[in-house]
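So the structure is just underneath, and the comments pick up after that.
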Amino acid sequence: MFEWLEQEISAIKTPQFHSVEGPADVKLREAVIGSILALPSAYKEFTLKFGTAKLYRRSRIGYRIGIFAGPRQATIDNGASIYHIGWHDGATVYVKPVVNSAEFPVFEFEEGSETKVADSFEEWVVESSASARNAYGRKKWEEILRGPKPFTAQETEIIEARRMMHWLVLGVDTDGNHIFEIINASQYTLAALTVGVRSKDGRLNGAVRLNVHHVGPGQRAVLHTNCYKDLVSPQEAELFALPDPKPEDRDYYWEFRKLIPKILEE
Numbered sequence: 005m006f007e008w009l010e011q012e013i014s015a016i017k018t019p020q021f022h023s024v025e026g027p028a029d030v031k032l033r034e035a036v037i038g039s040i041l042a043l044p045s046a047y048k049e050f051t052l053k054f055g056t057a058k059l060y061r062r063s064r065i066g067y068r069i070g071i072f073a074g075p076r077q078a079t080i081d082n083g084a085s086i087y088h089i090g091w092h093d094g095a096t097v098y099v100k101p102v103v104n105s106a107e108f109p110v111f112e113f114e115e116g117s118e119t120k121v122a123d124s125f126e127e128w129v130v131e132s133s134a135s136a137r138n139a140y141g142r143k144k145w146e147e148i149l150r151g152p153k154p155f156t157a158q159e160t161e162i163i164e165a166r167r168m169m170h171w172l173v174l175g176v177d178t179d180g181n182h183i184f185e186i187i188n189a190s191q192y193t194l195a196a197l198t199v200g201v202r203s204k205d206g207r208l209n210g211a212v213r214l215n216v217h218h219v220g221p222g223q224r225a226v227l228h229t230n231c232y233k234d235l236v237s238p239q240e241a242e243l244f245a246l247p248d249p250k251p252e253d254r255d256y257y258w259e260f261r262k263l264i265p266k267i268l269e270e
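FYI, the numbering for the sequence shown is 5 to 270, going by our numbering.
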């Protein structure tokens, strides 16, 4: 079971496209095998093979599918147990044991709406994975299989330049936007700078684009930028520097976005 996923993981040359912690170590194996929770056998087998899994990368730290090695148990109004086993895009995924039955239908819960999406865990993994692959398109999927190309000379200059783009948060303006001071200590002008944003409670972890195309070498500027103010109050948002991108991160750093017409200018 799930041999197809093992083969897919081994075939993909793009680092971190699938992130799995398995196979299970001795402690996890004992916990899974000895568990008395009413969980699908296919789910247990998946956990033994892959541990906690994040599949089909879609953003800097986000994945289309996630499966927990340890389910979160909850009790619904009628006293029955349900098990939160992961996520699919923006939906919470869980299984509901059926009384007097070996079936474990899979449900997705999103925006207050519950939908049965599969009759079994294995069916859900197969179908949601197929949907995820189709979302990339044939050309992009072939690129994922081949792995990313090394950085070009210009891309290497972009990375070096972003290391020399210094920024400081001065505060928050009356519209709830963060005020950044930008200092360009490099010899280049970047079109954009990607900065990390997370909420103090850990529920939000993303990034914003600072438009620094007008900040030339040796110059400084002040920017007012919306840092998810509609999702988290400015006082609860933490801004942080992101690590240097790797070739597989191109799509997730604004510095490399093709929609910006001029990436680098001397």
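The beta carbon of each residue, even a glycine, is placed where N, CA and C say it ideally should be.
Listed as beta-bridge partners of residue 95 by DSSP are 92.
Scanning the region 153 to 188 for uninterrupted beta strand (DSSP E) segments of 3 residues or longer gives 169 to 176, 182 to 188, listed from N- to C-terminal end. Cβ-Cβ distances below 7 Å link residue 148 to 16, 18, 21, 140 in the same chain, with the five nearest sequence neighbours on each side left out; the list follows chain order. Rounded to whole angstroms, the gap between the alpha carbons of residue 219 and residue 198 is 15 Å. Secondary structure of residue 52 (DSSP, three-state): helix. If you check the CB distance, residue 187 and residue 227 do not come in under 8 Å. At the C-beta level, residue 249 and residue 257 come within 8 Å of one another. Boundaries of the alpha helix (DSSP H) harbouring residue 33: 30 to 37, taken from the DSSP string. Residue ranges of uninterrupted beta strand (DSSP E) with 3 or more members, entirely inside the region 217 to 251 and ordered along the chain, are 224 to 229, 241 to 244.
Under the DSSP definition of a beta bridge, residue 23 partners with 58. Inclusion of residue 99 and residue 109 in the CB contact set at 8 Å is warranted, their separation being smaller than that value.
Around residue 121, the same chain offers 110, 111, 112, 128 as residues with beta carbons nearer than 7 Å, after the five sequence neighbours per side are excluded. Between residue 119 and residue 181, the CB-CB gap reaches or exceeds 8 Å.
When the Cα atoms are used, residue 126 and residue 137 turn out to be separated by approximately 17 Å. Cβ atoms of residue 221 and residue 192 come within 8 Å of each other, at about 7 Å.
Here the C-alpha atom of residue 62 lies approximately 9 Å from the C-alpha atom of residue 93.
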